[in-house]
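Below: the structure, in structure tokens.
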Amino acid sequence: MVRIDRMALLTFIASASPLGRRALLASAFGLTRHVNSVTARASSGFASRAFANYAAAAAGGGVVTAAARDGNRDLSSSSSSSALCMAMTANVDESVKDRLLASMEVTHPSYEVIEKDVVTEYGSYCVLYRHKKTGAELLSVATDDDNKSFGITFRTPPEDSTGVPHILEHSVLCGSTKYRTKDPFVRLLQGSLNTFLNAMTYPDRTCYVLASQNLKDFYNLVNVYADAVYNPRAVKDPNVHAQEGWHLELEKKEDPLVYKGVVYNEMKGVYSSPDSLLSRESMRSVFPETTYGVDSGGDPKKIPELSYEQFREFHEKFYHPANSRIYFSGDDDVLTRLEIMDGYLVSQLGYGDFDYWAGLNV
Ligand SMILES: [Zn+2]
Numbered sequence: 186m187v188r189i190d191r192m193a194l195l196t197f198i199a200s201a202s203p204l205g206r207r208a209l210l211a212s213a214f215g216l217t218r219h220v221n222s223v224t225a226r227a228s229s230g231f232a233s234r235a236f237a238n239y240a241a242a243a244a245g246g247g248v249v250t251a252a253a254r255d256g257n258r259d260l261s262s263s264s265s266s267s268a269l270c271m272a273m274t275a276n277v278d279e280s281v282k283d284r285l286l287a288s289m290e291v292t293h294p295s296y297e298v299i300e301k302d303v304v305t306e307y308g309s310y311c312v313l314y315r316h317k318k319t320g321a322e323l324l325s326v327a328t329d330d331d332n333k334s335f336g337i338t339f340r341t342p343p344e345d346s347t348g349v350p351h352i353l354e355h356s357v358l359c360g361s362t363k364y365r366t367k368d369p370f371v372r373l374l375q376g377s378l379n380t381f382l383n384a385m386t387y388p389d390r391t392c393y394v395l396a397s398q399n400l401k402d403f404y405n406l407v408n409v410y411a412d413a414v415y416n417p418r419a420v421k422d423p424n425v426h427a428q429e430g431w432h433l434e435l436e437k438k439e440d441p442l443v444y445k446g447v448v449y450n451e452m453k454g455v456y457s458s459p460d461s462l463l464s465r466e467s468m469r470s471v472f473p474e475t476t477y478g479v480d481s482g483g484d485p486k487k488i489p490e491l492s493y494e495q496f497r498e499f500h501e502k503f504y505h506p507a508n509s510r511i512y513f514s515g516d517d518d519v520l521t522r523l524e525i526m527d528g529y530l531v532s533q534l535g536y537g538d539f540d541y542w543a544g545l546n547v
């Protein structure tokens with residue numbers, strides 16, 4: 186598979202003159218897109234585009250692990266194209282085909298159907314729904330794969346390097362209205378039948394992804410994640426922000442006060458790696474004054490500038506249904522997908538005084 190060394194490319198672009206930089210950038214991103222579309226080989230149709238957008242949030246297994254490792258340094262969707270490559274071996278039996286085709290006719294009173302498409306290369310029968318009351322989009326992909334996957338992605342462009350999207354990514358998995366344990370994520374990692382369970386912060390979006398081959402386990406994981414993102418304890422209990430973001434600690438009276446926090450410590454580790462410093466500096470110089478020029482992961486020097494109020498506001502602004510993209514894939518029942526998510530989406534009506542539709546253009 187063609188692989189673009191993004192790091193080398195960025196460093197090269199950063200060293201060019203402003204005009205040359207713009208030209209190089211245009212061609213670089215054109216090239217990346219081209220490679221992705223060639224690799225995908227799913228020429229037109231919304232499903233292939235949707236795949237490219239959603240794959241990072243949906244593929245499950247090793248591919249997503251690679252995407253997670255790239256973490257907030259992932260610039261293009263090259264990980265998505267490897268996901269597509271892996272999925273291309275899918276072959277659907279004639280007998281199964283009828284069932285998958287029939288699943289494309291499933292409707293639900295709370296949703297309107299936006300688009301339908303069959304991606305034969307992947308044996309994927311796709312329907313894009315929009316939740317009428319909230320505007321949330323749900324891409325439902327019916328396949329013959331018993332490894333069912335689910336993802337919610339929110340557009341979360343940061344304006345500074347306080348790491349608010351990253352701290353929120355950690356924090357929403359620290360308990361919610363329905364699942365009150367303080368660390369459901371850790372418990373599920375140890376005690377569920379998941380084949381993938383994680384969350385990733387990118388420069389402009391945050392993805393919550395899971396997969397399981399066991400139907401009951403899958404539904405359980407979907408419920409925990411959906412309740413976590415929409416109704417987290419973190420927006421009611423300042424201790425979560427303190428624990429995951431930053432707080433001051435004093436071991437002995439005579440010791441100096443020191444900053445601590447899960448993300449704060451994680452990012453101190455990241456900032457001690459020369460590779461990541463170079464990558465960050467490249468992004469900052471190539472994309473000054475844009476969301477890509479700041480660090481969604483959090484600069485340890487800036488993380489303590491984030492107040493609990495700003496943290497809460499970020500959740501209120503971006504973690505609402507119209508700003509989410511929901512994804513299901515696998516051999517589970519399509520109507521149940523719509524039913525489960527309808528409950529969570531409706532519960533979000535009236536959260537904050539946010540105008541859902543205006544929010545799309547923020
Ligand atoms: Zn982290």
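All residue numbers for the sequence shown refer to our numbering, where the first residue is 186 and numbers rise by one.
Cβ atoms here follow ideal geometry from the backbone N, Cα and C, with glycine treated the same way.
Item, Value
"N-terminal and C-terminal residue of the alpha helix (DSSP H) that residue 500 is part of", "493-503"
"Where residue 343 sits in the DSSP three-state scheme", "coil"
"Cβ shell of residue 339 (< 7 Å), same chain only, five flanking positions each side left out", "390, 391, 503, 504, 508, 509"
"C-alpha gap between residue 310 and residue 411, whole angstroms", "23 Å"
"With 16 other Cβ atoms within 10 Å as the buried cut-off, status of residue 294", "exposed"
"Minimum C-alpha distance to residue 488 - residue among 532, 348, 318, 302", "348"
"Same chain, Cβ closer than 7 Å to residue 361, five either side skipped, listed in chain order", "412, 413, 416, 417, 418"
"Reduced DSSP category for residue 405 - H, G, I as helix; E, B as strand; rest coil", "helix"
"Cβ-based burial, residue 299 [other Cβ within 10 Å; buried from 16]", "exposed"
"C-beta atoms of residue 519 and residue 303 nearer than 8 Å", "no"
"Short Cβ contact (8 Å threshold) for residue 332 with residue 483", "no"
"Anticipated Cβ contact below 8 Å, residue 496 with residue 352, distance rounded", "7 Å"
"Cβ contact (3+ pairs, closer than 8 Å) linking the segment 442-454 and the segment 426-433", "yes"
"Residues proximal to ligand 1 by C-beta, any heavy atom closer than 6 Å", "351, 355, 448, 451"
"Residue 381 versus residue 440 - alpha carbon distance", "42 Å"
"DSSP beta-bridge partners of residue 315", "297, 322"
"N-terminal and C-terminal residue of the beta strand (DSSP E) that residue 525 is part of", "From DSSP, residue 525 is part of no beta strand (DSSP E) but of the alpha helix (DSSP H) over 519-532."
"Simplified DSSP assignment, three categories, for residue 379", "strand"
"Buried or exposed by the 16-neighbour rule on C-beta atoms within 10 Å, applied to residue 305", "exposed"
"Where residue 510 sits in the DSSP three-state scheme", "strand"
"Local Cβ density within 10 Å of residue 459, reported as buried at 16 or more and exposed below that", "exposed"
"Through-space distance from residue 499 to residue 438, alpha-carbon basis", "35 Å"
"Where the beta strand (DSSP E) through residue 445 begins and ends", "443-445"
"Alpha-carbon spacing of residue 478 relative to residue 289, whole angstroms", "41 Å"
"Alpha carbon of residue 317 to alpha carbon of residue 324, nearest angstrom", "14 Å"
"Residue 308 vs residue 277 beta-carbon contact at 8 Å", "yes"
"Inter-residue Cα distance where the pair is residue 462 and residue 376", "36 Å"
"Residue 427 - containing alpha helix (DSSP H), residue span", "423-429"
"Burial state of residue 506, where buried means 16 or more other Cβ atoms lie within 10 Å", "buried"
"Same chain only: Cβ atoms within 8 Å of residue 533, ignoring 5 sequence neighbours per side", "319, 415, 505, 506"
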